[in-house]
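Data first, discussion second: the structure below is written as structure tokens.
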Amino acid sequence: MRFGFEHPQLLWALPAIALPILIHLLNLHRAARHPFAAVHLLQIVKKYSSRRLMLKQLLLLLLRTALVAALLLAAAGPRWEEVRTRPDGQPSAIAFVVDASFSMRAGRNGRTVFEQMRDRALERASRITDGVRACLVVAGRAEGVESSRCTGSGRRLEGWLKSMEAGFGGSDVGEAISTAARLLERQTPEGSAAKEIVVFTDGAAHAFASGPTTSLTGDESIVVELPREPATAGNYAISAAGAITKGDRTRVSVTVELFGASDVDEKLRILMVDAGDSSVLGSVLVRPLAQEPANKTMSLSAGSEARIAELRLQVKDLLEQDNYRAVYLPPAEKASLLLVDGDMSALPRDDELYFVENSLAAATATGNKVEYLLVPPDRLAEKGLSRYDAVVLANVARPAAAAAAALEGFVANGGGVLISFGDNVDLDYYNQHLGKLLPARLRDVVPLGKAETDGTWQGIHFGRIKTDHPVFDVFDHPQLQALRHVRAKKAVVMEPSLHQGERNVLIEFENGLPALVEHRYGKGKVILLATSIDMDWCNWPTRATYPPFFQRLLGYLAGGVERRTPPVLEVGQPFVTETAADTAAVVIESPSGKTWKLEPQEAGKGRFKVTFSETWWPGWWNVELENDSGQRLAATPPGFVVHPPPSESDLTPIGEKSLRRIVGERAKLLSSARPSAGSSSLSGWLLIVAALALLAESWLIRR
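Offset between the sequence shown (1-based) and my numbering: plus 1.
Take a look at the structure:
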């Protein structure tokens, strides 16, 4: 048996036992003497009864001191605890399962649940004698220690525990228990005495979602250490956040959820920390009875450069770190376009780019910063393309050789080109002079659909759409369905073999022919529209989807769309990015400044990619590309955001019945309210002593 206290920190109050003694000493203070006959007579009488009074005062002092001491010791929770040993007198083989998930960072008064559980694990580890096999299994990913290891030294186990810190991801305690059982099976001889698995966890329900994945052998005993104060109050968290820039305004959207019990509406302020400056971005009203997340969208001025900010929910709850979320603020949109009109007309509706100009004018009216210059084909060679973000070749017959060479260099350096067709285009000339920019050789112009009696063609609709492409990010399901109603009567057919690289078909016709194809060349991209951009070959300009689609498409070619969509990952989720063939390395920097340099791996068909799995810390991760000469350029997108799993914000404890179904009916569940089996509390006896002392003091003082 071992003597200990449930709340040893309360023993610091034991000096309060001296209070009755101090009061007694004050009562013994002698007053100044003044001769007085009547008082002198009383002193003579008192002399005969002083011994009896002194004994009474001494008994009262002892009773009051015992009363205070008994109450203080009872509050500290003294108990006799049984020390488990093998039949031969040596401790059992033991495995510690420590929950290191993000929810273990919850706590009160600056002390987390993980720190409390670690202290209790250290106290148990201090009782392990050398030579006993002890294992440590981490549920989740902890900072500073390997996930599974064993030792024959209790001191070494203590060292591992002291170096541990809770992580930011999830955990599967049931699987960790199974791992501990397998480790103990290998660490002890067959038929050896009972083994023990001690689990240190916050008891959150999400940590026991799967239960033990393998059956226990039956000779292990399981002890589950739980927090003395289980989480009962609700916990707020930012479960989603993002930002979209349109023109010179950035819209920041935030989703706030309440996990746990609460029936009070709360209006919470949202702060934004940008370059060290904190400002109130807005407030969000959380209604628990609505049983759904609260969403808030706020608008602010877009900057000329991209910024990384942090959103903070101003609330005090059990888990503070889920009230923060990093967000990428895209720069103000400003696209500079060169429109080359291959079929100019004095009649606006007959002009090749009339409908594109109207779409760009509508974009400018809604706040998008779009600048464009409209020129005839013979002036294309005169224009310095470096000042533009994208070029549109609309039904241009035969671009001059110098212009074709300039376009090739423009795309190789990161520019974007949109090519559309019409009756003027010379396909053979394009194959010869612009072949490197084309996704495939152009074969012929073909009619689509059934022939009409008047010699025209019925046309066919768009079919499959690559909805996961950035161009389609802003289109909802009804808008995508409307895109499929576009009908084309003529189109350019491409050769099935590719000239270079791999083409990316964004839209197909109903018959499977490519309608919109993307091709990467150097650092830039070319998109080929197999039909016309006006009404000569299709009815797209009459559809409501035309203006928003071409606004989005030209923004993508100009580079604005890709800057707005950095990946958002959960902790531990791998980051995957494709790179160009001339990229020597991808440099990834964590929020704390730690860097990794990864070499791209070939993914087939001329594609290269990098997969990075060390995403264990929340915040903004910066990504740069390094070429063969060591020069670093910002990637597209320039990084990614990592956040803890939203399920970890739910601190609701698992019920005792559910927990026993997972860990077994024989398991011991320990907390301040549930003392361990084999231990006896002395608090009750001390309270009885205090009650008896109080009764005795009351009786004696009246004697």
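All C-beta atoms, glycine included, are put in the ideal place defined by N, C-alpha and C.
These figures come from a predicted structure and were not determined experimentally.
- One alpha carbon belongs to Val-487, the other to Leu-330, and they sit about 35 Å apart.
- CA-CA distance, Ala-205 to Ile-655, rounds to 6 Å.
- Collapsing the DSSP output to three states places Thr-454 in coil.
- If you draw a straight line from the Cα of Ser-300 to the Cα of Gly-415, it is about 31 Å long.
- Under the DSSP assignment, Thr-180 falls in the alpha helix (DSSP H) whose first and last residues are 174–188.
- Around the beta carbon of Ala-101, 16 or more other beta carbons lie within 10 angstroms, which makes this residue buried.
- Contact between Ala-177 and Ala-140 holds, with the beta-carbon distance rounding to 4 Å and staying under 8 Å.
- Assignment of Ser-280 by DSSP, reduced to helix, strand and coil, places it in the strand class.
- By the C-beta density criterion, Leu-23 is exposed, having fewer than 16 other C-beta atoms within 10 angstroms.
- With at least 16 other beta carbons inside 10 angstroms of its own, Gln-117 counts as buried.
- By the Cβ-count criterion, Lys-196 is buried, with 16 or more other Cβ atoms from all chains shown falling within 10 Å of its own Cβ.
- Sixteen is the threshold: since fewer than 16 other Cβ atoms of the shown chains lie within 10 Å of the Cβ of Met-55, the residue is exposed.
- Given a length threshold of 3 residues, each whole run of the beta strand (DSSP E) inside the segment 614–679 is given here in chain order: 620–627, 633–644 and 669–671.
- Bridge partners of Phe-201 according to DSSP: Val-99 and Glu-226.
- Looking at the backbone, the Cα of Pro-349 and that of Tyr-355 are separated by about 6 Å.
- Here Trp-597 has Ile-589 as same chain residues with Cβ atoms under 6 Å from its own Cβ, once five neighbours each way along the sequence are excluded.
- Residue range 155–163 is occupied by the alpha helix (DSSP H) that includes Trp-161.
- By the Cβ criterion, the segment 507–518 is not in contact with the segment 541–548, since fewer than three pairs of Cβ atoms, one from each stretch, lie closer than 8 Å.
- For Val-493, the closest of Ile-245, Asn-432 and Phe-260 by C-alpha to C-alpha distance is Asn-432.
- Apart from sequence neighbours up to five positions away, the residues of its chain that approach Ile-309 with a beta-carbon distance below 7 Å are Ala-327, Tyr-329 and Trp-621, ordered along the chain.
- Listed as beta-bridge partners of Trp-597 by DSSP are Ile-589.
- Straight through space, the alpha carbons of Val-133 and Thr-189 are spaced by roughly 10 Å.
- Per the C-alpha coordinates, the member of Pro-619, Gln-552 and Lys-595 positioned closest to Ser-337 is Gln-552.
- Going by C-alpha positions, Val-572 is about 12 Å away from Ala-143.
- In the three-state scheme derived from DSSP, where H, G and I count as helix and E and B as strand, Asn-505 is classed as strand.
- For the pair Leu-687 and Leu-570, the Cα-to-Cα distance works out to about 55 Å.
- In the three-state reduction of the DSSP assignment, Ser-533 falls in the coil class.
- Per the Cβ contact rule, the segment 433–452 is in contact with the segment 527–539 (3 or more Cβ pairs under 8 Å).
- Only residues of its own chain outside the window of five on either side were considered, and among them Val-412, Ala-413, Asn-414, Gly-415 and Ala-581 have a CB closer than 8 Å to the CB of Gly-523, listed in chain order.
- Within its own chain, the residues whose Cβ lies closer than 6 Å to the Cβ of Asn-623, once the five positions on either side in sequence are excluded, are Glu-590 and Gly-640, listed in chain order.
- Take the alpha-carbon of Ala-182 and the one of Val-99: they are about 14 Å apart.
- Rounded to whole angstroms, Ala-586 and Pro-479 show a C-alpha spacing of 41 Å.
- In the same chain as Lys-335, and ignoring 5 residues on each side of it, the C-beta atoms closer than 7 Å to its own belong to Lys-370, in chain order.
- Under the DSSP assignment, Ala-126 falls in the alpha helix (DSSP H) whose first and last residues are 114–126.
- DSSP places Ala-413 in the helix class (H, G or I) of the three-state scheme.
- Taking 8 Å as the upper bound for CB-CB distance, Asp-323 and Ala-238 are in contact here, some 4 Å apart.
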